[in-house]
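Colleague: One structure follows; several queries about it will come next.
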Amino acid sequence: MKSIAQKVFDIEIESLQHVASMIDEQFSQAVEAILQSKGKLVVCGMGKSGHIGKKISATLTSTGTQSFFMHPAEAFHGDLGMVGENDIILILSYSGETEEVLKLVPFLKWHKNPSIAITGNPNSTLAKNATYHLNVGIKQEACPLELAPTSSTTATLVMGDALAVALMTARDFSPDDFARFHPGGRLGRKLLVRVKDLMRTDNLPFLEPGANFTQLIIRMSEGKLGMVVLGTAEKVAGVITDGDLRRGLVKYADVQQMPITTMMNGNPIIVNDDMLVYDAEALMLERKITTLLVQNSDSRITGVYQIFNQA
Numbered sequence: 000m001k002s003i004a005q006k007v008f009d010i011e012i013e014s015l016q017h018v019a020s021m022i023d024e025q026f027s028q029a030v031e032a033i034l035q036s037k038g039k040l041v042v043c044g045m046g047k048s049g050h051i052g053k054k055i056s057a058t059l060t061s062t063g064t065q066s067f068f069m070h071p072a073e074a075f076h077g078d079l080g081m082v083g084e085n086d087i088i089l090i091l092s093y094s095g096e097t098e099e100v101l102k103l104v105p106f107l108k109w110h111k112n113p114s115i116a117i118t119g120n121p122n123s124t125l126a127k128n129a130t131y132h133l134n135v136g137i138k139q140e141a142c143p144l145e146l147a148p149t150s151s152t153t154a155t156l157v158m159g160d161a162l163a164v165a166l167m168t169a170r171d172f173s174p175d176d177f178a179r180f181h182p183g184g185r186l187g188r189k190l191l192v193r194v195k196d197l198m199r200t201d202n203l204p205f206l207e208p209g210a211n212f213t214q215l216i217i218r219m220s221e222g223k224l225g226m227v228v229l230g231t232a233e234k235v236a237g238v239i240t241d242g243d244l245r246r247g248l249v250k251y252a253d254v255q256q257m258p259i260t261t262m263m264n265g266n267p268i269i270v271n272d273d274m275l276v277y278d279a280e281a282l283m284l285e286r287k288i289t290t291l292l293v294q295n296s297d298s299r300i301t302g303v304y305q306i307f308n309q310a
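Take a look at the structure:
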């Protein structure tokens, strides 16, 4: 099985190298047309090409080129209404003769939408009727039966990636731009998301330092954060976590009689609410803690941030 896997990689790598060698001025012209367009890039493909097209469209959208996928069969049942007069159509069909795709050609010519065809046959009907043609013709599919699209779909996907990267480069698409489109990803959290965006702000478990042990247990349970803050939002005396509580139960024979301040951490870490989540989590990992108190610009505690609450 290992040798089969290696052969598939070898065949597909060779196919990509072959396709790369055929890239010509049509690619540059297609990129320039997209850059100059005032509309969206509509991606269209049938079957396996459609699945590849959806991924290409998603990559384009997340890297600065507005795009959406249109199923060619659905296009003739109303979805053509999504195509604007300034849109460019990116059509995928390895044979260049896919019936559902070719039925789009008259509409595009009538609607005067420029089209970019990605096919494996420059002499196909689709290639000849497209404004620009990108050739992804391969020498061999990795499928031993030469039936299942393998090398051809890989080549089409990489050509789509090449378009996306070329457009990113031309637009000077930056890490900050990428982060704005991916606020939930690692880079987005690093560059954009701040503690105030994710911190817990409701029912913060404040407790008077003079409270008894029973009140401590009740308030910790009510707060559902595994900790209490001794003091007020304006003046914090310390915090008691469930870990502090467990250690107190082990250390002291009669916790009911001792002041709860005996268990508290009198020097909790407090961060500003505009601190980046990335930096806050790095601090928590460094200090081996899971909870931070959060203060606003008036030095008032307004939230609690816990690392293990984040997906």
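With numbering that gives the first Met the number 0, letter number 108 in the sequence shown gets 107, and the count goes up by one each step, no holes. Beta carbons: idealized from backbone N, C-alpha and C, even for Gly. The structure presented is a predicted model; accordingly, all values stated were derived computationally and were not measured.
Helix, strand or coil for A236 per DSSP?
Modeller: Strand.
Colleague: Does the Cβ-Cβ distance between D324 and K39 come in under 8 Å?
Modeller: Since the first residue of the chain shown is 0 and the last is 310, residue 324 is not available in this structure.
Colleague: I'd like the ranges of any beta strand (DSSP E) spanning at least 3 consecutive residues and lying wholly in the region 110–142.
Modeller: Listed in chain order, the complete beta strand (DSSP E) runs (minimum 3 residues) inside the region 110–142 are 114–118 and 131–134.
Colleague: May I ask which residues mark the beginning and end of the beta strand (DSSP E) holding I87?
Modeller: It spans I87 to L91 - the beta strand (DSSP E) in which I87 sits, taken as one unbroken run.
Colleague: For I90, is the classification buried or exposed, using 16 other Cβ atoms within 10 angstroms of its Cβ as the cut-off for buried?
Modeller: Buried, by the Cβ-count rule.
Colleague: Here's the rule I'm using: 16 or more other beta-carbon atoms within 10 Å means buried, otherwise exposed. How should F266 be labelled?
Modeller: Here the sequence assigns Asn to residue 266, which means Phe is not the residue at that position. Result: exposed.
Colleague: Looking at the unbroken alpha helix (DSSP H) that takes in Q28, where does it start and where does it end?
Modeller: Element bounds for Q28: E24 to Q35.
Colleague: Please look up how many angstroms separate the CB atoms of V317 and I117, rounded, as I've assumed it's under 8 Å.
Modeller: Within the shown structure, residues of the chain are numbered from 0 to 310, placing residue 317 beyond reach of any answer.
Colleague: Kindly confirm or deny that the region 12–29 and the region 137–147 touch, where touching means at least three C-beta pairs closer than 8 Å.
Modeller: Taking 8 Å as the limit for Cβ pairs, the verdict is that the region 137–147 does touch the region 12–29.
Colleague: Let's test the definition: count the other Cβ atoms within 10 Å of the Cβ of R218 and tell me whether it reaches 16, buried, or not, exposed.
Modeller: By the neighbour-count rule (16 or more Cβ atoms within 10 Å), R218 is buried.
Colleague: Using three-state DSSP, classify K294 as helix, strand or coil.
Modeller: Sequence inspection shows Gln at residue 294; the Lys mentioned does not correspond to that position. Residue state, collapsed to three classes: strand.
Colleague: Under the three-state reduction of DSSP, which class applies to V100: helix, strand or coil?
Modeller: V100 falls in the helix class under three-state DSSP.
Colleague: Near F67, what residues of its chain come up, given a Cβ to Cβ distance below 8 Å and the 5 sequence neighbours on each side ignored?
Modeller: Same-chain partners within the cutoff: K39, V41, V42, S56, T60 and M81.
Colleague: Just the Cα atoms here: how many angstroms apart are A310 and E285?
Modeller: Reliability fails at A310, whose pLDDT of 38 lies under 50, so the model's placement of it is uncertain and the value that follows must be treated cautiously. The straight-line gap from Cα to Cα measures roughly 19 Å.
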